[in-house]
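A.B. asks:
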Amino acid sequence: MIEIDLEVPLARFTLRVATRLGGGVTAVMGPSGAGKTTLLEALAGLRRGARGRIVLEGETLLDTPGRLARPPEKRRVGYVPQDAGLFPHLTALANVRFGARGAEARVESATSTLELRGLLERYPASLSGGEKQRVALARALASDPRLLLLDEPLAALDVGLRERILPYLVRIRDEWRVPCLYVTHNVGEALALAGHVLLLRDGRVEGEGAPLDLLSSPVLSREAEAGIENLLRGVVLSHDAEGGVTRVRVDEGFELSIGLAADRALGGGVTLAVRAEDVLVSTEEVRGLSARNVYPARIAGLQRTGVDVTLRCALEGAGPVLLARVTPAAVRSLGLEAGCPVWLAMKSHSVRLV
Amino acid sequence: MLSPEETRVVLFTLGVAALATLLILPPGVAAGLLLARYRGPGKGLVETLLSLPLVLPPTAVGILLLSALARRGPLGSWLAARGIEIVFTWKAVLIATAVMSFPLLVRSARTAFEEVDPRLVGLARTLGCGPTAAFLRVTLPLAWRGVLAGTVLAFSRALGEFGATVMIAGNIPGRTQTLALAIFHDNQIGRDDRALVLAGVTVGLAFAALWTTEWITRRRARRTGA
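Going down the list, the sequences are from chains B and U.
So for the first sequence, this note's numbering puts the first residue at 231; every next one is plus one.
So for the second sequence, this note's numbering puts the first residue at 52; every next one is plus one.
1) Hey, does Ala-175 of chain U have any beta-carbon neighbour from chain B nearer than 9 Å?
2) List the whole-angstrom C-beta distance separating Leu-396 of chain B from Ala-366 of chain B, where the pair is believed to meet the contact cut-off of C-beta under 8 Å.
3) Mind listing the chain B neighbours of Thr-189 of chain U? Cutoff is C-beta to C-beta under 7 Å, in chain order.
4) Check Ala-175 of chain U in the structure and name its three-state DSSP category.
5) Kindly list the residues whose CB is nearer than 7 Å to the CB of Ala-575 of chain B, restricted to its own chain and excluding five residues on each side of it in sequence; keep chain order.
6) Measure the C-alpha to C-alpha separation of Asp-168 of chain U and Arg-250 of chain B and round it to an integer number of angstroms.
7) Return no unless some Cβ of chain B is closer than 9 Å to the Cβ of Pro-92 of chain U.
8) Would you mind stating whether Ala-264 of chain B and Arg-528 of chain B have Cβ atoms separated by less than 9 Å?
9) Who are the Cβ neighbours of Leu-350 of chain B in its own chain at under 6 Å, not counting the five residues just before and after it?
10) Should Ala-277 of chain U be flagged as near chain B, meaning a C-beta pair shorter than 9 Å?
11) List, in chain order, every chain U residue whose beta-carbon is nearer than 9 Å to that of Ser-373 of chain B.
12) How is Asp-538 of chain B classed by DSSP in three states: helix, strand or coil?
13) What three-state label does DSSP hand Asn-325 of chain B in the structure shown?
14) Given Pro-78 of chain U, which residues of its chain have a CB within under 6 Å of its CB, disregarding the five upstream and five downstream residues?
15) Excluding the five sequence neighbours on either side, which residues of its own chain have a C-beta within less than 6 Å of the C-beta of Gly-124 of chain U, listed in chain order?
16) For Ser-342 of chain B, count neighbouring Cβ atoms within 10 angstroms of its own Cβ and tell me buried if that reaches 16, exposed if not.
17) Give me the Cα-Cα distance between Leu-85 of chain U and Ile-234 of chain U, rounded to the nearest whole angstrom.
18) Which runs of the alpha helix (DSSP H) fall wholly inside the region 69-126 of chain U and span at least 4 residues, in chain order?
19) Measure the CB-CB distance between Lys-278 of chain B and Gly-433 of chain B and report whether it falls below 9 Å.
20) For chain B, check one thing: does any of its Cβ atoms lie closer than 9 Å to the Cβ of Pro-154 of chain U?
21) For Gly-243 of chain B, which of B:Thr-256, B:Thr-268 and B:Ala-314 has the nearest alpha-carbon?
22) Is there contact here, the region 212-219 of chain U with the region 105-116 of chain U, by at least three beta-carbon pairs under 8 Å?
23) Answer with buried or exposed for Gln-363 of chain B, where buried requires no fewer than 16 other C-beta atoms within 10 angstroms of its C-beta.
24) For the beta strand (DSSP E) containing Trp-573 of chain B, list its first residue and its last residue.
25) Can you name the residues that DSSP bridges to Cys-410 of chain B?
26) DSSP state of Tyr-398 of chain B, grouped into three classes?
27) Is it true that the CB of Val-427 of chain B sits closer than 9 Å to the CB of Met-231 of chain B?
28) How would you list, in chain order, the residues of chain B whose beta-carbon sits under 9 Å from the beta-carbon of Leu-84 of chain U?
29) Under 8 Å by Cβ, that's how I've got Leu-541 of chain B and Leu-564 of chain B pegged, so tell me the actual separation to the nearest angstrom.
30) Would you mind sorting Phe-258 of chain U into buried or exposed? The rule is 16 or more other CB atoms within 10 Å of its CB.
31) Using the Cβ count rule (16 or more neighbours within 10 Å means buried), how would you classify Asp-493 of chain B?
32) Where do the ends of the beta strand (DSSP E) carrying His-469 of chain B lie?
33) What residues match up with His-426 of chain B in a beta bridge as DSSP calls it?
34) Do you know how far the Cα of Ser-339 of chain B is from the Cα of Glu-289 of chain B?
35) List, in chain order, every chain B residue whose beta-carbon is nearer than 9 Å to that of Leu-193 of chain U.
36) Measure the C-alpha to C-alpha separation of Leu-193 of chain U and Ala-163 of chain U and round it to an integer number of angstroms.
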């Protein structure tokens, strides 16, 4: 639980944020220059001009009326900037150990969460962008933070690398359970990771709420369309080498066929991704289609996201909501509206292991 | 070969230069850090004042020091009352070389500190370091090459200081005579051959100091790949 009531004077405007955030991941979104990075820096204690109040889990970090401003080293807030910010004179391992105060067990579990084993003796100059981000994430985790601040950790990476880092972020969220503010421009990432979105514009909170509810916000819509993705966690049930498929039981309570991934251990956890535009929508029961995954569902809501429309579809019987992206023309000709029963179909090969 | 007197001059010069460098190292590094980080009024003025000895004729600095430190001068009288004699002693050599070398150290240190990304220092703070620990664990390790280069530069400058030294320490063989002064002295009394030998010694010393720095910083650079 973190209470924020902040004012930070900037050159163009004054950043004003007043909100109360629970645990889990909060995505901080909005156009460039909206004050997202400034907000993170103020929370970390790196902005001298910040005024107001910050209370993190009952402990006051900033209270300017009460003349209290805890210095960054007393806040236990882990910060990962966009470019990772590794110390160039230290090896990856020394970077991870930097803030751990000798807690080798934490260093150990942080390096294993982010799978750094082969990299530990290397210097940052010889690490790739994705490797740097993983080391920076491990360094922040090893310092035992009560709050994580991630500033576009995937922005500098190309699409392939993004998909490889994303599961690490999911692991951090689910296994370390550190509350997290996550700056991103990418709606797909926000949907995949965040339970809550804080939308900033020109230094003000433009909107706040569940990621799906903010999809139609004009601030996001231009960027919203690309990268809307369904991210699912599950365990491997079986491999069918002859049929070329692997069965996965998704945590939310349904099963999926994906392209054969025989290298994944039975019973092992996996993260799956399906692009919203790869989910087919039918108003009639689907028969004789080659897609292996067909589910009855109901449209819970429609949202205009740029040119296209994103449908929120609740699977029958189970809890999860899958996002499907269709053209306005399809909405019109199929007569799609909230409450409509539909069938969703996904090809095994549209479901990617990430 | 060097005569015993000449050997003493070489050792005296090395000793005074080393002591002067050690003396200015803490304030020089501190001044470099402050100038690199401080943004506010008066910065330009302080920078200019600190760099002044670089461009002034050393004899001008010497005469200023002399008037301050002479027995009737404002500082000199205070010191004389406590039985401390500066002018025309080895201490005057030390002060002259320290004053002339200080700006070189400050400038190099400032440049070195300015090259350290302040965000890295901020990150060190979020990872539990107080300001001093952040300086020792991040700023200094990243800036030490520049600081070392500045230190060697200051040392080399101290080895060769002439103008300010001659004004407040004189050129007294066996007491205040450094290499630079001895070369001048030999030339004045027509012993150019000895002056050349001593000049060769100064070239050797300065070369060794600069080359060692180059070697250390290169080796370090290769290891981090930076």
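By construction, the Cβ of each residue, glycine as well, lies at the ideal position given by its N, Cα and C atoms.
Owing to the predicted nature of the structure, the values given are computational and were not obtained by experimental measurement.
C.D. replies: In short:
1) Indexing the second sequence from 1 puts residue 175 of chain U at position 124. Taking Cβ atoms only, chain B reaches closer than 9 Å to Ala-175 of chain U, which makes this a yes.
2) Taking the first residue of the first sequence as 1, we reach residue 396 of chain B at position 166. Taking the first residue of the first sequence as 1, we reach residue 366 of chain B at position 136. That pair is no contact at about 15 Å.
3) For this step, residue 189 of chain U is matched to residue 138 along the second sequence. It should be noted that the sequence gives Val, not Thr, for residue 189 of chain U. What Val-189 of chain U touches in chain B: Phe-317.
4) Taking the second sequence and counting its residues from 1, the one referred to as residue 175 of chain U is at position 124. Correct three-state label for Ala-175 of chain U: helix.
5) Taking the first sequence and counting its residues from 1, one reaches residue 575 of chain B at position 345. If we look at Ala-575 of chain B and ignore the five residues flanking it on each side, its Cβ neighbours are Leu-510, Ser-512, Val-516, Leu-519, Ala-521, Asn-523 and Val-524.
6) The sequence position of residue 168 of chain U within the second sequence is 117, counting from 1. The sequence position of residue 250 of chain B within the first sequence is 20, counting from 1. If I take the Cα positions, the gap works out to 33 Å.
7) In the second sequence, counting from the first residue as 1, residue 92 of chain U sits at position 41. So, not an interface residue.
8) The residue labelled residue 264 of chain B in the question sits at position 34 within the first sequence. The residue labelled residue 528 of chain B in the question sits at position 298 within the first sequence. Not in contact: Ala-264 of chain B and Arg-528 of chain B (Cβ atoms no closer than 9 Å).
9) Taking the first sequence and counting its residues from 1, one reaches residue 350 of chain B at position 120. Closer than 6 Å at Cβ, skipping near neighbours: Ala-322 and Leu-323.
10) Residue mapping note: residue 277 of chain U aligns to position 226 of the second sequence, counting from 1. For Ala-277 of chain U, the predicted model reports a pLDDT of 46, less than 50, meaning its position is unreliable and no value from the coordinates is stated.
11) Residue numbering aside, residue 373 of chain B sits at position 143 when the first sequence is read from its first letter. Result: Thr-177, Leu-178 and Gly-179.
12) Within the first sequence, numbered from 1, the residue matching residue 538 of chain B stands at position 308. It is a strand residue.
13) Numbered from its first residue, the first sequence carries residue 325 of chain B at position 95. Correct three-state label for Asn-325 of chain B: helix.
14) The count along the second sequence starts at 1 and reaches residue 78 of chain U at position 27. Excluding positions up to five away in sequence, the list is empty.
15) Here the question's residue 124 of chain U lines up with position 73 in the second sequence. Same-chain partners within the cutoff: Ser-118.
16) Numbered from 1 along the first sequence, position 112 holds the residue referred to as residue 342 of chain B. Exposed, since its Cβ has fewer than 16 Cβ neighbours within 10 Å.
17) Looking up residue 85 of chain U in the second sequence gives position 34. Looking up residue 234 of chain U in the second sequence gives position 183. Roughly 38 Å separates the two Cα atoms.
18) 94-106 and 109-120
19) Here residue 278 of chain B refers to the residue found at position 48 of the first sequence. Here residue 433 of chain B refers to the residue found at position 203 of the first sequence. Correcting the residue identity first, residue 278 of chain B is Arg in this sequence and not Lys. Not a contact, by the Cβ cut-off of 9 Å.
20) Taking the first residue of the second sequence as position 1, residue 154 of chain U is located at position 103. For Pro-154 of chain U, the answer is no, since every Cβ of chain B falls outside 9 Å of its Cβ.
21) Here residue 243 of chain B corresponds to residue number 13 of the first sequence, with the count starting at 1. The residue you asked about is not Gly; residue 243 of chain B is Phe in the sequence shown. Of the listed residues, the one whose Cα sits closest to Phe-243 of chain B is B:Thr-268.
22) yes
23) Counting from 1 along the first sequence, the entry for residue 363 of chain B is found at position 133. The residue in question, Gln-363 of chain B, is buried, as its Cβ has 16 or more Cβ neighbours within 10 Å.
24) On the first sequence, residue 573 of chain B is found 343 positions in, with the first residue counted as 1. Per DSSP, Trp-573 of chain B belongs to the beta strand (DSSP E) from 571-576.
25) Position 180 of the first sequence holds residue 410 of chain B. Beta-bridge pairing links Cys-410 of chain B to B:Val-255 and B:Leu-378.
26) In the first sequence, the residue the question calls residue 398 of chain B occupies position 168. Helix at Tyr-398 of chain B.
27) Working through the first sequence from its first residue, we reach residue 231 of chain B at position 1. Working through the first sequence from its first residue, we reach residue 427 of chain B at position 197. No, Cβ-Cβ distance for Met-231 of chain B and Val-427 of chain B is not below 9 Å.
28) Here residue 84 of chain U refers to the residue found at position 33 of the second sequence. Within 9 Å Cβ-Cβ: nothing; Leu-84 of chain U doesn't reach chain B, min ~17 Å.
29) Within the first sequence, residue 541 of chain B is the residue found at index 311, counting from 1. Within the first sequence, residue 564 of chain B is the residue found at index 334, counting from 1. Not confirmed; about 10 Å, so no contact.
30) Along the second sequence, one-based indexing puts residue 258 of chain U at 207. Exposed.
31) Your numbering for residue 493 of chain B matches position 263 in the first sequence. Looking at its Cβ environment, which holds fewer than 16 other Cβ atoms inside 10 Å, Asp-493 of chain B is exposed.
32) As a position in the first sequence, residue 469 of chain B is number 239, starting the count at 1. First-last of the beta strand (DSSP E) with His-469 of chain B: 459-470.
33) Counting from 1 along the first sequence, the entry for residue 426 of chain B is found at position 196. Per DSSP, B:Thr-256.
34) Stepping through the first sequence from its first residue, residue 289 of chain B is reached at position 59. Stepping through the first sequence from its first residue, residue 339 of chain B is reached at position 109. Roughly 27 Å separates the two Cα atoms.
35) For the purposes of this step, residue 193 of chain U is taken as the residue at position 142 of the second sequence. Residues of chain B passing the Cβ test: Phe-317, Pro-318 and His-319.
36) Taking the first residue of the second sequence as 1, we reach residue 193 of chain U at position 142. Taking the first residue of the second sequence as 1, we reach residue 163 of chain U at position 112. Those two C-alpha atoms are separated by around 8 Å.
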